[in-house]
Structure formats: structure tokens, C-alpha cells
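Scroll down for the structure; my scribbles are underneath it.
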Amino acid sequence: MKRVLTYVISIAALLFAWEMASIAVNVINHAAILPGPFDALSQVVKNAAELRRNFAASAWRLILAILISLATAMPLGLLTGREPTLDRFFSPIIYITYPIPQVALILFLFVVFGTGSATKVAMVALALFFQILVSARGAAKNIDEEYVTSVLSAGASRWQVYWHVVLPATLPQILTSVRVSIGLGIAFLYIAETRAALGTGLGSYINKHMLFSRGRAFAGIVAMAILGLLLYIAVDVIERIACRWKYVKKRPLK
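Quick look at the structure:
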């Protein structure tokens with residue numbers, strides 16, 4: 012109950028700050044430039060059908076991109092973090108490619124592969140890939156070797172070491188990187204969707220209405236914020252299920 016109350020107060024404070032900023036900007040500019048929260052929320056209700064369609068398009072693209080990046084970056088990160096030979100081979104590649112701004116590749120991907128959903132998913136997955144890869148690799152390198160040694164001394168195979176030691180030890184940090192990457196993924200998805208003038212998705216919706224109907228555009232921004240919030244909650248739920256030991260209350264020693 013206390014947690015719900017904290018969330019309500021937090022959201023109320025955000026809406027109040029938004030309303031004050033809207034009033035200030037509009038008064039200074041003598042024009043209705045920045046819609047207030049109630050205007051945006053009323054547009055969410057009025058354009059619910061169109062927003063729902065675009066929300067669904069953006070949601071499945073982002074979720075698919077997260078799953079693809081997890082399925083590729085997590086195993087590679089764990090292997091490079093634990094296997095010195097693989098790390099020596101892949102480290103230079105990671106160090107060279109990681110600093111490249113993925114935004115610069117958007118136009119290249121659109122020219123080569125077109126403006127379809129596959130390109131948008133690939134762009135977001137590529138951006139998230141490096142975040143998860145670096146996080147998984149770092150987490151695997153920081154595992155206490157005593158845990159690995161104790162499991163090996165009990166006769167565990169290499170696969171069992173990964174399953175029973177490496178994965179549980181690194182999963183919290185990997186999920187944290189996924190949580191941090193959600194905002195980055197939404198930003199890249201917005202950029203990718205705005206490049207396709209006639210496409211679907213919240214990015215296209217916002218871009219279409221920004222000049223002539225800012226209330227509708229901000230309704231799209233609210234929808235994107237809700238998408239991010241739902242994904243944050245989903246990752247929190249997954250973490251509580253997959254990393255139950257983190258949430259066990261420790262009893263004080265008598």
C-alpha cells in the first residue's frame with residue numbers, strides 16, 4: 012500500500028511539474044506551444060483506436076528487439092567473460108565496434124534493407140546488443156572464482172558450471188542492463204519509426220502530428236512513456252521470479 016501511495020504521489024508531482032512548465036512556456040511565447048498533461052490525456056482518450064494500433068506496432072518491435080539482443084549478446088558476453096581464448100579474440104572487435112554510434116547506421120540500414128519493420132527491429136536490437144554484451148561480459152569476469160572451484164571440485168561439467176554458477180551470478184546485472192536499455196531502445200525505435208513517413212508505430216504517429224496537432228503528438232509521447240513503464244514492470248517481475256534469492260529477507264543472527 013505504501014509503495015502504491017509513493018507511485019501515486021510521484022506521478023502527481025510529475026503531472027504538476029508538466030502543467031507548470033506548459034503554463035510558463037505558453038505565457039512566455041504568447042502561444043499554445045506546449046500542451047499540458049490534461050490536454051494530452053484527453054487526446055489519448057479521443058484517439059484511443061489509432062494510438063492502440065500504433066502502440067501495438069511499437070511494442071512488438073521493441074520486445075522482439077530486446078529478445079534478439081538478449082539471445083545473441085548474453086551467451087557471447089558470458090563466454091567471453093569466462094573463456095580467455097574467446098576473450099582475446101573478441102575483445103578487440105568489441106572495443107572497436109562499441110564506440111560506433113548506432114544512430115549513424117540507421118540511414119545505411121534503410122538504404123540496404125528498406126524501411127520495413129525488420130530494419131527497425133534490427134536497428135534497436137543492434138543498439139541494445141552492445142549494452143547487454145558489455146554488461147554480461149563484465150559480470151562474468153567478476154564472478155568469485157571460489158564458487159566455480161567448489162562446483163568443479165564436486166564433479167560438475169563446464170555446462171553445469173555455466174548453468175548453476177555463471178548464469179545465476181550474472182543474471183541480476185544482465186537484467187539491470189536490460190532495464191537501463193529500455194529507454195535507449197525506445198529512443199532508437201522512435202528515430203527508426205520517424206524515418207518511415209508512412210509507417211506504423213508511435214514514432215510515426217508523433218512525427219505526423221507534431222507540427223499541426225501537438226496535443227495528439229504528446230498523446231503519442233505519453234503512450235511511449237506507458238510502453239516504457241510496462242516494460243520496466245515486466246523486467247522487475249522477471250527479476251523477482253528468476254532471482255528470488257535477492258528478495259529473501261535475511262533473518263538477524265541470534
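As numbered in our numbering, residues 12 to 265 make up the sequence shown, in order. Glycine is no exception: its CB is placed at the ideal position from the N, C-alpha and C atoms.
**OP:** Give the straight-line distance between the Cα atoms of Val246 and Leu73, rounded to the nearest whole angstrom.
**Re:** Each residue's Cα considered, the two are about 13 Å apart.
**OP:** Figure out for me which residue from Thr211, Phe223, Arg225 has the closest Cα to the Cα of Leu62.
**Re:** The residue from Thr211, Phe223, Arg225 with its alpha-carbon nearest to that of Leu62 is Thr211.
**OP:** Enumerate, from N- to C-terminal direction, the unbroken beta strand (DSSP E) stretches of 3 or more residues contained entirely within the region 189-219.
**Re:** Correct list: empty.
Original post:
Secondary structure at Ile111, three-state DSSP: helix, strand or coil?
Top reply: Reduced to three states, the DSSP call for Ile111 is coil.
Original post:
Is there a Cβ from chain D that is less than 8 Å from the Cβ of Phe100?
Top reply: As a matter of chain content, chain D is missing from the structure shown, which is built from one protein chain.
Subject >> Between the CA atoms of Met134 and Leu213 - distance to the nearest angstrom >> reply: Computed Cα separation, rounded: 16 Å.
Original post:
What separation, rounded to the nearest whole angstrom, lies between the Cα atoms of Gln184 and Leu163?
Top reply: Answer to the nearest angstrom: the Cα atoms are 24 Å apart.
Original post:
Hey, how far is the Cα of Ala253 from the Cα of Ala167?
Top reply: Their backbone Cα atoms lie some 22 Å apart in a straight line.
Original post:
Are the region 32-52 and the region 95-112 touching by the rule of at least three beta carbon pairs closer than 8 Å?
Top reply: Counting Cβ pairs under 8 Å, fewer than three are found: no touch.
Original post:
Quick one: Cα of Ile79 to Cα of Ala136, how far?
Top reply: When rounded, the distance between both Cα atoms is 6 Å.
Original post:
Looking at the structure shown, is Ile143 part of a helix, part of a strand, or coil, going by DSSP?
Top reply: In the structure shown, Ile143 adopts helical secondary structure according to DSSP, grouped into three states.
Original post:
Less than 8 Å separating the beta-carbons of Ile143 and Ser192?
Top reply: Yes, the pair counts as a contact, with Cβ atoms nearer than the cut-off.
**OP:** Taking 8 Å as the cut-off, decide whether the C-beta atoms of Gly231 and Tyr216 are in contact.
**Re:** It is a contact, given that the beta carbons lie within the stated cut-off.
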